[in-house]
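Peer 1: I'd like to ask you about the structure that follows.
Number of protein chains: 2
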Amino acid sequence: MSLELRPLEQRDFEHGFLESLAHLATVDLTPEEAIRIWRGRNAAGVRTVVAVSKEGSVMGTASLILEHKFIHRGGTIGHVEDVAVHPSHEGKGIGSAVVRAVVELARQSGCYKVILSCNDQNLAFYSKLGFHKHDNGMRIDLR
Amino acid sequence: MSLELRPLEQRDFEHGFLESLAHLATVDLTPEEAIRIWRGRNAAGVRTVVAVSKEGSVMGTASLILEHKFIHRGGTIGHVEDVAVHPSHEGKGIGSAVVRAVVELARQSGCYKVILSCNDQNLAFYSKLGFHKHDNGMRIDLR
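Chains A and B, in that order, are what the protein sequence lines are. Using the numbering used here, the letters of the first sequence map in sequence onto residues 1 to 143. Using the numbering used here, the letters of the second sequence map in sequence onto residues 144 to 286.
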């Protein structure tokens, strides 16, 4: 299967990027609203990767927050967020491809570790990609 | 006990902020190096809170990464990171105070949830502060 892995670009907002994310949770944004959010994320150093078909459709995505810490001598860590595959492209290894891409981006960015939270159903998926269970994901809902 | 909770300021780098973090992991930065990192974190929208004594010493700290998502209609979430208490001020509720402060900051910033990762030893501490175990913290070490 032909698949390009590259940073999110503006044209992707009209070609399956938001539909891929909608598989994860409600999006309900116009492309214009989403592009405004994207600019803010870029300014904050968040990197979003897409897997794109030969025809230019987004088949999946993952994001990486780069956090520059004081600890570990000013070390950087990567947080993987919002891994999603377009419903028309499940079962083709797109999820693995986008996660590998953001881990590689973290490595190139000098991160000493990459972390993420996942539910029990996704433990095996992330274990195959080299992650190990390290601690507990805790949460407070504010709404 | 007199305790002020406020955003990290430049003077704190000479008054116990780095020593508080060193209780968590190696810091090994000069105040000047740390201030450079702090500026980058500010630019990326990371908020660091400190608990300060009447004498102006940092007794503890916690940080909040605000992540602006595409999902949940462009919703914002908060990631709590690097909760640390100065070794001279343990057992006084400083950890709880700084975590409550960043959760309140997340609420004021419009976050729909706040997440963090913790080891089994800290489950009870975060549960008392209103967090519940939601999923699994996964990790890859790159060094």
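Here a beta-carbon is modelled for each residue, glycine too, at the ideal position from N, C-alpha and C.
Can you list, in chain order, the residues of its chain whose CB lies under 6 Å from that of residue 237/B, leaving out five sequence neighbours each side?
Peer 2: Position 94 of the second sequence, counting from 1, holds the residue named residue 237/B. Answer for residue 237/B: 194, 202, 203 and 228, listed in chain order.
Peer 1: Could you name the residues of the region 101–131 of chain A whose beta carbon sits closer than 9 Å to any beta carbon of chain B, in the order they occur along the chain?
Peer 2: Result list: 103, 106, 107, 110, 111, 112, 113, 114, 115, 116, 117, 118, 119, 120, 122, 123, 126, 127, 129, 130 and 131.
Peer 1: Taking the continuous alpha helix (DSSP H) assigned at residue 182/B, which residues delimit it?
Peer 2: Residue numbering aside, residue 182/B sits at position 39 when the second sequence is read from its first letter. Element bounds for residue 182/B: 174–186.
Peer 1: Taking the alpha carbon of residue 256/B as the reference point, which residue from 119/A, 140/A, 99/A and 125/A has its own alpha carbon closest?
Peer 2: Residue mapping note: residue 256/B aligns to position 113 of the second sequence, counting from 1. Among 119/A, 140/A, 99/A and 125/A, the Cα nearest to that of residue 256/B is on 140/A.
Peer 1: Taking C-alpha atoms, which residue in 249/B, 240/B and 158/B lies nearest to residue 209/B?
Peer 2: Position 66 of the second sequence, counted from the first residue, corresponds to residue 209/B. When only C-alpha atoms are compared, the closest one is 249/B.
Peer 1: Let me know the secondary structure DSSP gives residue 245/B once reduced to three states.
Peer 2: Numbered from its first residue, the second sequence carries residue 245/B at position 102. In the structure shown, residue 245/B sits in a helix (DSSP, three-state: H, G or I).
Peer 1: Could you name the residues of the same chain whose beta carbon sits closer than 8 Å to that of residue 161/B, not counting the 5 residues immediately before and after it, in chain order?
Peer 2: Counting from 1 along the second sequence, the entry for residue 161/B is found at position 18. The answer, listed in chain order, is 170, 172, 174 and 177.
Peer 1: By the 9 Å beta-carbon criterion, what residues does the region 173–203 of chain B contribute toward chain A?
Peer 2: Under the 9 Å Cβ criterion, the region 173–203 of chain B contributes 176, 177, 179, 180, 181, 183, 184, 186, 187, 188, 189 and 191.
Peer 1: Could you tell me which residues DSSP pairs with residue 281/B in its beta bridges?
Peer 2: Here residue 281/B corresponds to residue number 138 of the second sequence, with the count starting at 1. Beta-bridge pairing links residue 281/B to 116/A and 133/A.
Peer 1: Which residues, taken in chain order from the region 1–25 of chain A, show a beta carbon closer than 9 Å to some beta carbon of chain B?
Peer 2: Those would be 17, 18, 21, 22, 24 and 25, in chain order.
Peer 1: Excluding the 5 residues flanking residue 217/B on each side, which residues of the same chain have their C-beta closer than 8 Å to its C-beta?
Peer 2: Stepping through the second sequence from its first residue, residue 217/B is reached at position 74. So the qualifying residues of the chain are 211.
Peer 1: Pick from 182/B, 181/B and 207/B: whose alpha carbon is nearest that of residue 246/B?
Peer 2: As a first step, residue 246/B is located in the second sequence; it is residue number 103 there, counting from the start. It is 207/B whose Cα lies nearest to the Cα of residue 246/B.
Peer 1: Straight-line CA distance for residue 101/A to residue 5/A?
Peer 2: Here residue 101/A refers to the residue found at position 101 when the first sequence is read from its first residue. Here residue 5/A refers to the residue found at position 5 when the first sequence is read from its first residue. Looking at the two C-alpha atoms, the distance is approximately 7 Å.
Peer 1: Could you pull out every residue in the same chain whose Cβ sits closer than 6 Å to the Cβ of residue 261/B, ignoring the five residues on either side in sequence?
Peer 2: Within the second sequence, the letter at position 118 stands for residue 261/B. These residues qualify, in order along the chain: 269.
Peer 1: Tell me which residue opens and which closes the alpha helix (DSSP H) that residue 25/A is part of.
Peer 2: By 1-based counting over the first sequence, the position of residue 25/A is 25. Careful: residue 25/A lies outside any alpha helix (DSSP H) and carries neither H nor E.
Peer 1: Answer with yes or no whether the minimum CB distance from residue 215/B to chain A is below 8 Å.
Peer 2: The residue given as residue 215/B occupies position 72 in the second sequence. It does: the Cβ of residue 215/B has a partner Cβ on chain A nearer than 8 Å.
Peer 1: Given this structure, state the Cα-to-Cα distance separating residue 163/B from residue 230/B, to the nearest angstrom.
Peer 2: The sequence position of residue 163/B within the second sequence is 20, counting from 1. The sequence position of residue 230/B within the second sequence is 87, counting from 1. Between residue 163/B and residue 230/B, the C-alpha separation is close to 7 Å.
Peer 1: Would DSSP call residue 221/B helix, strand or coil?
Peer 2: The residue labelled residue 221/B in the question sits at position 78 within the second sequence. Three-state DSSP puts residue 221/B in a strand.
Peer 1: Could you tell me which chain A residues have their CB closer than 7 Å to the CB of residue 237/B, listed as they occur along the chain?
Peer 2: Here residue 237/B corresponds to residue number 94 of the second sequence, with the count starting at 1. What residue 237/B touches in chain A: nothing, since even the nearest Cβ is about 18 Å away.
Peer 1: In the DSSP assignment, find the unbroken beta strand (DSSP E) run with residue 209/B in it and report its ends.
Peer 2: Start at 1 with the first residue of the second sequence, and residue 209/B comes out as number 66. Per DSSP, residue 209/B belongs to the beta strand (DSSP E) from 201–211.
Peer 1: For residue 279/B, count the other beta carbons within 10 Å of its own beta carbon; 16 or more makes it buried, fewer makes it exposed. Which is it?
Peer 2: As a position in the second sequence, residue 279/B is number 136, starting the count at 1. Residue 279/B is buried by the Cβ-count criterion.
Peer 1: In angstroms, rounded to a whole number, what distance separates the CA positions of residue 226/B and residue 56/A?
Peer 2: For this step, residue 226/B is matched to residue 83 along the second sequence. For this step, residue 56/A is matched to residue 56 along the first sequence. Straight-line Cα distance between these residues: approximately 43 Å.
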